[in-house]
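Enquirer: Residue numbering for the sequence shown follows numbering that gives the first Met the number 0, beginning at 0 and increasing consecutively. For glycine and all other residues, C-beta sits at the position ideal for the given N, C-alpha and C. This structure is a prediction, so every number in the text was calculated from the model and none was measured. Have a look at this one before I ask anything.
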Amino acid sequence: MIATEHSDAQVAGFWQGLGLPGLIDVHTHFMPQRVLAKVWAYFDRAGPLTRRPWPIAYRIEEDKRVARLREFGVRRFTALLYPHKPDMAAWLNAWGADFAARTPDCLHTATFFPEPDAAAYVERAITDGARLFKAHLQVGAYDPNDPLLDPVWGVLAEAGIPVVTHCGSGPMPGRHTGPEPVAQLLARHPSLRMIVAHMGLPEYGDFLDLAERYEGVHLDTTMAFTAFTEADAPFPKDQLPRLLDFADRILLGSDFPNIPYPYYEALDALARLDLGDAWLRAVCHDNAARMFAVEA
Numbered sequence: 000m001i002a003t004e005h006s007d008a009q010v011a012g013f014w015q016g017l018g019l020p021g022l023i024d025v026h027t028h029f030m031p032q033r034v035l036a037k038v039w040a041y042f043d044r045a046g047p048l049t050r051r052p053w054p055i056a057y058r059i060e061e062d063k064r065v066a067r068l069r070e071f072g073v074r075r076f077t078a079l080l081y082p083h084k085p086d087m088a089a090w091l092n093a094w095g096a097d098f099a100a101r102t103p104d105c106l107h108t109a110t111f112f113p114e115p116d117a118a119a120y121v122e123r124a125i126t127d128g129a130r131l132f133k134a135h136l137q138v139g140a141y142d143p144n145d146p147l148l149d150p151v152w153g154v155l156a157e158a159g160i161p162v163v164t165h166c167g168s169g170p171m172p173g174r175h176t177g178p179e180p181v182a183q184l185l186a187r188h189p190s191l192r193m194i195v196a197h198m199g200l201p202e203y204g205d206f207l208d209l210a211e212r213y214e215g216v217h218l219d220t221t222m223a224f225t226a227f228t229e230a231d232a233p234f235p236k237d238q239l240p241r242l243l244d245f246a247d248r249i250l251l252g253s254d255f256p257n258i259p260y261p262y263y264e265a266l267d268a269l270a271r272l273d274l275g276d277a278w279l280r281a282v283c284h285d286n287a288a289r290m291f292a293v294e295a
């Protein structure tokens with residue numbers, strides 16, 4: 000078990016020192032316990048999509064995980080869910096709707112998979128109040144350009160609802176990861192509001208190029224810049240100035256609770272980039288507050 004108590008106590012001081020009302024974390028995971036148990040077991044055995052030791056820092060009960068985020072001062076967070084096979088997404092969406100109803104500071108999150116009824120259950124989730132979707136191209140092992148998903152992307156683009164998308168090839172490449180499938184998708188749906196998870200690691204520059212081309216493309220900081228990630232997929236130093244160029248389209252993400260280090264380390268890694276307090280305020284709160292209409 001990773002000792003987090005000392006570092007956890009530093010989180011509030013981080014955002015208070017920036018003059019923020021708290022943090023908004025767009026990349027946290029809550030899911031049915033039996034699903035989460037399988038996710039944790041996968042990390043425990045260093046499965047083929049990780050292939051390295053990955054201890055879970057916050058392996059605690061659901062209510063304690065929610066309480067921990069609130070203690071950190073996270074004002075809004077997400078319940079990112081993702082199916083790895085057909086006939087799973089609609090069930091996950093029902094769970095996500097229930098979790099959001101009993102957890103008002105969680106942004107109601109839903110998901111999808113390439114299957115014939117995907118458009119129907121995505122529309123139903125939107126009607127039920129979903130404010131964010133998750134697409135995991137690595138775990139789901141599907142092509143975002145699958146014809147079964149075209150109406151889904153169309154509905155999401157029209158509704159202006161963001162989709163946190165794991166599309167980079169880290170920590171291990173999948174059959175449909177990398178910038179090219181996403182470039183093809185955006186060419187057909189240029190108004191799609193996509194949040195590229197993990198800054199698109201390790202293809203950081205390529206996904207920044209897509210953000211340059213499409214105004215709806217955002218990136219989240221999940222696990223990027225930390226010592227854990229820098230060891231295998233360092234962010235290129237020559238790309239650092241571009242993070243200032245996209246200061247209004249980078250959002251804080253953590254991967255809580257499935258991180259192999261204390262939560263504070265992700266915040267400290269952002270501060271160590273030395274991009275200034277205004278950049279940190281935008282990334283850690285203001286950009287997401289604007290996207291999700293969170294009042295100050």
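What does a CB cutoff of less than 8 Å around residue 117 pick up in its chain, not counting 5 residues either side in sequence?
Expert: Cβ neighbours of residue 117 within its own chain (closer than 8 Å, five residues either side excluded): 88, 111, 147, 148, 150, 151.
Enquirer: Which residues does DSSP pair with residue 76 in a beta bridge?
Expert: 105
Enquirer: The alpha helix (DSSP H) with residue 268 in it runs from where to where?
Expert: From DSSP, the alpha helix (DSSP H) with residue 268 extends over 262-270.
Enquirer: With DSSP as the reference, label residue 231 as helix, strand or coil.
Expert: coil
Enquirer: Would you list the residues sitting across from residue 23 in a DSSP beta bridge?
Expert: Answer is 75.
Enquirer: Short of 8 Å in beta carbon distance, which residues of its chain neighbour residue 281, apart from the five on each side in sequence? Order them along the chain.
Expert: Correct list, in chain order: 246, 247, 249.
Enquirer: Residue 220 and residue 252: beta carbons closer than 8 Å?
Expert: yes
Enquirer: Per DSSP, residue 242 is paired with what?
Expert: Residue 242 is not bridged to any residue.
Enquirer: To which residues of the same chain is residue 39 closer than 8 Å at the C-beta, ignoring the five residues directly before and after it?
Expert: 55, 58, 257
Enquirer: Work out the CA separation of residue 122 and residue 154 for me, nearest whole Å.
Expert: 7 Å
Enquirer: Cutting at 8 Å between CB atoms, please list the residues of its own chain near residue 69, excluding the five before and the five after it.
Expert: 104
Enquirer: Within 10 Å of its beta-carbon, does residue 239 have 16 or more other beta-carbons around it, so buried, or fewer, so exposed?
Expert: exposed
Enquirer: Please state whether the Cβ-Cβ distance between residue 71 and residue 158 is less than 8 Å.
Expert: A distance of 8 Å or more separates the beta carbons of residue 71 and residue 158.
Enquirer: Taking its Cβ as the centre, do 16 or more other Cβ atoms sit within 10 Å of residue 33, making it buried, or is it exposed?
Expert: exposed
Enquirer: Going by beta carbon distance, what residues of the same chain come within less than 7 Å of residue 42, once the five residues before and after it are set aside?
Expert: 49, 53, 55, 257
Enquirer: As a quick exercise: from 83, 29, 210, 271, pick the residue whose alpha carbon is nearest that of residue 101.
Expert: 29
Enquirer: Please determine, among 21, 5, 3, 1, the residue with the shortest C-alpha to C-alpha distance to residue 294.
Expert: 21
Enquirer: Would residue 233 be called buried (16 or more neighbouring beta carbons within 10 Å of its own) or exposed?
Expert: Flag for residue 233 reads exposed.
Enquirer: Check the DSSP bridge columns for residue 216 and list the partner residues they point to.
Expert: 193
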